[in-house]
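Residue numbers (numbering that gives the first Met the number 0), protein chains in the order written: chain A, 0 to 64; chain B, 0 to 279. The C-beta atom is built at its ideal place from N, Cα and C for all residues, glycine as well. Here is the structure we will look at.
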Amino acid sequence: MRSRARPRYLDAFVAAIVVFLLAPIVVVLPSAFSSDVALSFPPQGFSTRWFENLSPGGNFCRLPG
Amino acid sequence: MRTVRSKLLIALLLAPAVLISMVMIAAIATTLGISFLRQFPGDLQVTLANYIAFLSQPFLLKAAYQTMALGLVVTAICVVLGYPVAWFLVKRDTRFRNAVFLIVLAPLLVSIVVRTVGWIIILGNEGLVNALLISLGVIDSSLQLMRSFWTVVVGLVHVLLPFMILSIASVLSKIDDDVIEAAMLLGARPATAFLKITLPMSMQGVAAGSIIVFALTIGTYLTPIWLGRGNVNVLAISIHEQALISVEWSAAATSAVLLTIMALVFMAIFLASIRRMTRR
């Protein structure tokens, strides 16, 4: 094939799209372990308190009403 | 005997489709009917007042304009970004193809809520992009990346790109490589072969993908609220406010009817131009 150079551009483009598609899904994971109340990146500190909230008896399950 | 039985079979097979379309038509007809009533429930006088009220409210007209603009921009970007990826999935022979295919499908397996939160983490004032730019010394204080039309565009393209890629890829995979090879043998350069043969033949996939993306964009509700934060008002948000917050069913029905009509007009224009392009 004469057009050897073209797949390289295509591959780079597809790589960029792959990053675009995965980025928002990936950044959610470390944020789940943030100790901060607000969403920020990089996450401030490490804690599992958001997971503890989810467990039975955690804050999330003790909402009024 | 046989014809009677096959007719019965056809009637049985059609029954679910008829049932579903009857329910859908009933819903649309009810909405259409309510939009012509002065106040529902209550004053059931037939009137055009709701339509006049819609057209005289700059807020709603702006929402209609933004909804359509969002639909067109998101669809166009999805075509431009999706076509090369679909091409890669179908024509490029590498070992990464299956991985890319899985990654294209991956967003569909994750809730829109999670993906939108992801964009808030990336684009927010204390987000990834701002943190990166500040640490590199490009900017001193945070850029306002949220709350704009283009933030919503980014979020929606991310949500809807897989639909576009998959519908273009399904049509591209049906195009015989021999046809393109024949064009090359007859002296066409790769670019010419693409423009004259592959692109027109794949237009059906582009059309199908565009209709899915456009229809889903103009009906979108969550992404403009979360990423636009009140700066991007689309008709879906207005309809929600009219129906469930200010409880004006007639006004909400009017907005819904006008949104549907606008969507149908845009799709008709789009399909007609696609048809003209492929015929030539």
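If you draw a straight line from the Cα of His-239/B to the Cα of Ala-251/B, it comes to about 8 Å. Only those residues of the region 116–136 of chain B whose C-beta falls short of 7 Å from the nearest C-beta of chain A are listed: Val-116, Gly-117, Trp-118, Ile-119, Ile-120, Ile-121, Gly-123, Glu-125, Gly-126, Leu-127, Ala-130. Here Ile-167/B is near Gly-81/B, since their CB atoms are less than 7 Å apart. Short of 7 Å from the beta carbon of Val-45/B, and not among the five residues preceding or following it, lie these beta carbons of its own chain, in chain order: Phe-35, Leu-36.
For chain B, the residues of the region 35–46 of chain A that bring a beta carbon within less than 8 Å of one of its beta carbons are Ala-37, Leu-38, Ser-39, Phe-40, Pro-41, in chain order. Counted as a single uninterrupted DSSP element, the alpha helix (DSSP H) harbouring Ser-134/B occupies residues 127–134. Under the DSSP assignment, Thr-115/B falls in the alpha helix (DSSP H) whose first and last residues are 111–122.
In summary, Trp-86/B is buried, with 16 or more beta-carbon neighbours lying within 10 Å of its beta-carbon over all protein chains present. Counted as a single uninterrupted DSSP element, the stretch harbouring Gly-41/B is not any alpha helix (DSSP H), since DSSP gives it neither H nor E. Counting C-beta pairs with one atom in each stretch, the region 226–240 of chain B and the region 141–151 of chain B have three or more that are closer than 8 Å, which means they touch. Residues of chain B whose Cβ lies closer than 8 Å to the Cβ of Ser-54/A do not exist; the shortest such Cβ separation is about 20 Å. Asn-52/A and Ser-30/A have their C-alpha atoms spaced approximately 15 Å apart.
CA-CA distance, Leu-257/B to Pro-55/A, rounds to 47 Å.
Counting the other CB atoms within 10 Å of its CB gives Thr-66/B a total of 16 or more, which places it among the buried residues. Between the alpha carbons of Arg-48/A and Leu-142/B lies a gap of roughly 30 Å. Look at Val-45/B here: in three-state DSSP terms it is strand. Excluding five sequence positions before and after Phe-100/B, the CB atoms of its chain that fall closer than 8 Å to its own CB belong to Leu-88, given in chain order.
In the structure shown, Ala-250/B adopts helical secondary structure according to DSSP, grouped into three states. For the region 234–251 of chain B, the set of positions with a beta-carbon nearer than 9 Å to some beta-carbon of chain A is empty. The DSSP-derived three-state label of Phe-53/B is helix. Approximately 24 Å separates the beta-carbon atoms of Pro-199/B and Pro-161/B; this is outside 8 Å, ruling out the contact. In the structure shown, Arg-146/B adopts coil according to DSSP, grouped into three states.
Note that the C-beta distance between Ala-235/B and Gly-218/B is below 7 Å.
Contact between Ile-120/B and Val-27/A holds, with the beta-carbon distance rounding to 7 Å and staying under 8 Å. A direct Cα-to-Cα measurement between Thr-259/B and Thr-74/B gives close to 17 Å.
Taking the C-beta atoms as reference points, Val-79/B is found no nearer than 7 Å to Val-205/B.
Ile-102/B belongs to the set of residues whose beta carbon lies under 7 Å from a beta carbon in chain A. The Cβ atoms of Phe-40/A and Ala-130/B sit closer than 7 Å to each other.
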